[in-house]
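*Asks:*
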């Protein structure tokens, strides 16, 4: 059958004839062999022929329609597009697409595919498909820290908080911190990490997306415990933490990843020597998403890189120690040594012998504190937490040179710290003094029992021991006043930050050197005294010997001597610094009394010391020491009553007298023999019935320089023979100094008398009757009023002396002509009446029509406060008229004195003989409104009607309704004081006049209105709106006040109450000094209702108990306080200090610090004003000059130049 089949095919192909497209068409002949039946049993072969039409695919194609090309070998990674030609997909290449290229099947990202089909990864990545991050892609740990916290659970109060910080990036640095605390209950681990991947290179479009960043963050605690005694191994404990919101590889954290782990149940037992390590780790990584065509294929995860950092806590609970504490010092190792603990210059501070068992000594810190006495007198650190000198980071071999800022006692503290901040302290004391010295006071060196002056004394014995006393003579004032030699108190323990304790143990405190904790024995700062003596004319001084009892300030000497000897005694005192001072005295010897002869009397001496004088004289002499003095007393011979007594010096002379006139002693100088003194005859007065019989004794005691005395007496009889006895004098030189139609002024002089004047009577006749006036007993002038005009009078003056009277003194006078009204005056009065009636009618009309209120507004509208300008409305250029004051005429004709209590009477009782220009009639003044209430007067805003219907707005100081006569006197004194004493100055409150004729209100004074009010209030209002303009105004105010005070000083006026509350401001902010004047008791600012207490905080030290003795320098001190108030914007001086403490602090040298807005120049001026010595304070004229140097003048103003 096979040949037949082949044959058939060959025939068929042979007959193919045509092709169309990829299909070939043909006709074929088919032979079909078979068999046919022959007979019943036989068969035979038969061949049949068939013809058919067929087709087939052309060579290279296949498929039902022959449209599928055939590639052989087949295309592996592509599509056969024509016979034996492959079209490869993106992932393959080659003739049959048998080679895989960079694609989702073989990614190369981030990287570049290279020939022949290799992958070159981008820097930082590796692997066949770049899926592994290299070490360069390790993430950065930006900030790494661990906190250990000890916090109270209930209140949340933190007692301790320690930080270990290993923030340094890209380092393996392990931060190690030593701790001294162990009770921690919270731990916080925080770190920040970031992975900055490079700019990625893409190859092909098979990368759907990618993301890189931090994929993990973790922390681990490891505690390594100490080896316990008996054990050879240590053990550790671990705890792991995962960051909250931790990222992963499939979702990396781009940018900064922050991990904050807080364990609030931290309860590990931390013991001395333990080590705890906190380890943080973070990983960088990411993923890439692959796609095939437009379909997601898969995600690849990158292999990560890990960054790790460690923070180590080491625990040491034992402080450093010194070898003295363990008694292991090998040489003179001192915990703290000051080269010279009593020094006038720099000292060297050193230390040695410190150790620490575990963490080691880490740091030395030197602290210096001033020592001040406490209540017991012991010296102590005033503020142990605030040293005046602090130097740390010192090494074990440091030799520090230190010079204290000023003389005083100091404690030097050495703080020794280990790495865990355990500390131990050692202390040494230092007495530094480069300015004081041994000084000598006014207290003299004396010899007990000796008499005479300081440098030359006399003793009256030859065999007694000589006791030399120098009580209070020598001193070191600085050492004494500041108690620099007192004992030093033990150090007061301090707690720092709730857990560190600052204390000095006894073994490490100061027991070495010259200045220890013990008190240095001294008297007034003197620690040693030496004494010696010699006999004048017998060689030099004997050797010095120490005075064993120098604390009692006396010494006993055994000195052999004779009458007429002079002995030099020298005393030398030392202070602890080695300073010394020597003082010598001379002791003279005289054991004999002076010789005195009987005295004589020379009665009724003319032109003597007294109006009625007598003289007594006697002869006296002493060959050894001379006559130093004599005492006398006048007494009746029949009683011990002393009428009078006195004493006089001996009749010493600088020249050598003749032998007949006197003599010179061996050591006492030269004297005349004749001694005399005067007595007042009035001392001899006795009752009138005894004048003829009474005997008076004049007893005289005469003393030599050794105060040995001799006595003599003189008797006096017939007392009426002495001038002044039984003589009663009336007024002398009586004259009429002026008359008016109704009054007369008398003046006279009062003559001397032995008797006490009790009254002066003035008698004169009126209508046939005698009138009697009582004149003050010491007055020498009087004005008699209510007299008839053109009338002759005779006046009689009699001076009364108790029950006795002088003879009358007569004087005749005639009063002036009667004062009548002229026709012109009557016409003027008529016109005035018509005008007043018209004004009354007009006022009624205005009131009924409601226009009166608008009229009042037009009157007072101009007093509204004006806008503050830099340019002043007042000029300081007119200085010629500042001191031109119109003087008031007064019969008293008394000199002005400083303002005080006496001035109330001086100015309150002034009498004027004519109307004064400053007097204002009460009809001209209207009280508008009450502005303030004072202690004895109220302050009103007032309106004054002046000429041409102009009104002036003033301030009226009016007595209270319940005022007394004393109040009226005080007000009158103030009025007269301002009218006659003050004058005019642009920076002193201006006196505008006074009303004296208002009986219901009493006298009251008028002052200019200062629209801006009290300076202190204005300053306080500026605190929230300070500008350069305001600061400039502050400077100008200091100048204004200085000028005003300089003017008052030129008038010899002491303010006594200078303060910001007593400075007033005009609308242009010009300062005016107020609040001064005569007062019966201490007053505050006008209108202040203070209780009269001394304002301690404004007073100079010398006035803190009373202002009675205030002086110009006292006002300068107060001016410094006012400057401080100005630049502190109205703060109360000495903030935080009670008034009762101010005096003590100021006397100890405390001065206020510079205010915020104060320039250095002004603060220096303040300190000059606060000088302790009155003579060292500047005058107001000097202050004005110093401040004026900072201003430049213009024609109508001044400007600040600094």
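In mature numbering (1 follows the signal peptide of the UniProt record, and there is no 0), the protein residues as written are -21 to -1, 1 to 1181. No residue lacks a Cβ here, since even glycine has one placed at the ideal position from N, Cα and C. Nothing here was measured: the structure is a model prediction, and the numbers come from that model.
Any chance the region 683 to 696 sits against the region 430 to 439, with 3 or more Cβ pairs inside 8 angstroms?
*Replies:* yes
*Asks:* Helix or strand or just coil, what does DSSP make of residue 789?
*Replies:* In the displayed model, residue 789 falls within a strand according to three-state DSSP.
*Asks:* Tell me, to the nearest whole angstrom, how far the beta carbon of residue 258 is from that of residue 201; I am working on the premise that it is less than 8 angstroms.
*Replies:* Separation of the CB atoms of residue 258 and residue 201 is rounded to 7 angstroms, and the pair is thereby assigned contact status at 8 angstroms.
*Asks:* Report the rounded CA-to-CA distance for residue 529 versus residue 547, giving the unit in angstroms.
*Replies:* 19 angstroms
*Asks:* Do the CB positions of residue 320 and residue 380 come within less than 8 angstroms of each other?
*Replies:* No; because the gap between Cβ atoms is not below 8 angstroms, this pair is not in contact.
*Asks:* Using three-state DSSP, classify residue 991 as helix, strand or coil.
*Replies:* coil
*Asks:* Touching or not, the region 408 to 424 and the region 449 to 468, by the rule of three or more beta carbon pairs under 8 angstroms?
*Replies:* yes
*Asks:* Could you check if residue 443 is buried or exposed, using at least 16 other CB atoms within 10 Å of its CB as the buried criterion?
*Replies:* exposed
*Asks:* Less than 8 angstroms between C-beta atoms, sequence neighbours within five positions excluded: which residues of the same chain meet that for residue 109?
*Replies:* 86, 87, 88, 89, 90, 98, 100 and 101
*Asks:* Counting along the chain, where does the alpha helix (DSSP H) carrying residue 1143 start and finish?
*Replies:* Counting along the chain, the alpha helix (DSSP H) containing residue 1143 begins and ends at 1139 to 1148.
*Asks:* I'd like to check one pair, residue 249 with residue 266: are the Cβ atoms closer than 8 angstroms?
*Replies:* no
*Asks:* Taking DSSP's pairing of strands, which residues face residue 33 in a bridge?
*Replies:* In DSSP, residue 33 forms a bridge with 5.
*Asks:* Taking one C-beta from the region 175 to 193 and one from the region 136 to 147 each time, how about it: are there three or more such pairs within less than 8 angstroms?
*Replies:* no
*Asks:* Alpha carbon to alpha carbon, how far is residue 1167 from residue 1021?
*Replies:* 10 angstroms
*Asks:* Just grab the DSSP bridge partners of residue 1113 for me.
*Replies:* Note: residue 1113 sits in no beta bridge, so no partner.
*Asks:* Could you pull the DSSP bridge partners for residue 984 from this structure?
*Replies:* 936 and 973
*Asks:* Contact between the region 291 to 308 and the region 359 to 366 is defined here as three or more beta-carbon pairs at a separation below 8 angstroms; is this criterion met?
*Replies:* No: the two stretches stay apart, fewer than three of their Cβ pairs being nearer than 8 angstroms.
*Asks:* Expressed to the nearest angstrom, what Euclidean distance is found between the alpha-carbon atoms of residue 56 and residue 72?
*Replies:* Answer to the nearest angstrom: the Cα atoms are 7 angstroms apart.
*Asks:* Which residue spans inside the region 897 to 933 form an unbroken beta strand (DSSP E) run of at least 3?
*Replies:* Taking only runs of at least 3 residues, the beta strand (DSSP E) segments lying wholly in the region 897 to 933 are 904 to 912 and 916 to 924.
*Asks:* Helix, strand or coil for residue 1130, going by three-state DSSP, please let me know.
*Replies:* coil
*Asks:* Closest by CA to residue 322, which one among 178, 558, 698 and 1100?
*Replies:* Of 178, 558, 698 and 1100, the residue nearest in Cα terms is 558.
*Asks:* Quick check: the region 966 to 973 against the region 1037 to 1053, are at least 3 beta-carbon pairs closer than 8 angstroms?
*Replies:* yes
*Asks:* Give me the Cβ distance between residue 950 and residue 938, rounded to the nearest whole Å; I'm assuming they're in contact under 8 angstroms.
*Replies:* Going by Cβ atoms, the distance from residue 950 to residue 938 rounds to 6 angstroms, so yes, they are a contact pair.
*Asks:* Locate the alpha helix (DSSP H) running through residue 1028, then write down its first and last residues.
*Replies:* Unbroken alpha helix (DSSP H) run through residue 1028: 1007 to 1029.
*Asks:* Which residues in the same chain as residue 205 place their Cβ atom closer than 8 angstroms to its Cβ, once the five residues preceding and following it in sequence are excluded?
*Replies:* So the qualifying residues of the chain are 213, 250, 251, 252 and 253.
*Asks:* Going by DSSP in three states, residue 157 sits in which element: helix, strand or coil?
*Replies:* strand
*Asks:* Using 10 angstroms around the beta-carbon of residue 1129, count the other beta-carbons present and answer buried if the total reaches 16, otherwise exposed.
*Replies:* exposed
*Asks:* With respect to the alpha helix (DSSP H) encompassing residue 1098, which residues constitute its N-terminal and C-terminal limits?
*Replies:* 1091 to 1106
*Asks:* When the Cα of residue 1240 is compared with those of 1103, 1118 and 1119, which residue comes out closest?
*Replies:* Residue coverage of the chain in this structure runs from -21 to 1181, which leaves residue 1240 outside it and unanswerable.
*Asks:* Taking only the alpha-carbon atoms, compute the straight-line gap between residue 643 and residue 579 and give it to the nearest angstrom.
*Replies:* In a straight line, the C-alpha of residue 643 is about 24 angstroms away from that of residue 579.
*Asks:* Taking all protein chains shown into account, do 16 or more other C-beta atoms lie within 10 angstroms of the C-beta of residue 365, making it buried, or fewer, making it exposed?
*Replies:* Residue environment: residue 365 is assigned as exposed (fewer than 16 neighbouring CB atoms within 10 Å of its CB, all protein chains considered).
*Asks:* Going by beta carbon distance, what residues of the same chain come within less than 6 angstroms of residue 369, once the five residues before and after it are set aside?
*Replies:* Cβ neighbours of residue 369 beyond the five flanking positions: 346.
*Asks:* Note the first and the last residue of the continuous alpha helix (DSSP H) segment covering residue 1161.
*Replies:* 1159 to 1167
*Asks:* Between which residues of its own chain and residue 857 is the CB-CB distance below 6 angstroms, once the five residues before and five after are set aside?
*Replies:* Residue confidence for residue 857 is low, a pLDDT of 36 falling below 50, so the modelled location carries little weight; the figure read from the coordinates is stated next. Excluding sequence neighbours, residue 857 sits near nothing in its chain.
*Asks:* With burial defined as no fewer than 16 other Cβ atoms inside 10 Å of the residue's Cβ, what is the status of residue 1040: buried or exposed?
*Replies:* buried
*Asks:* Is the beta carbon of residue 340 less than 8 angstroms from the beta carbon of residue 375?
*Replies:* yes
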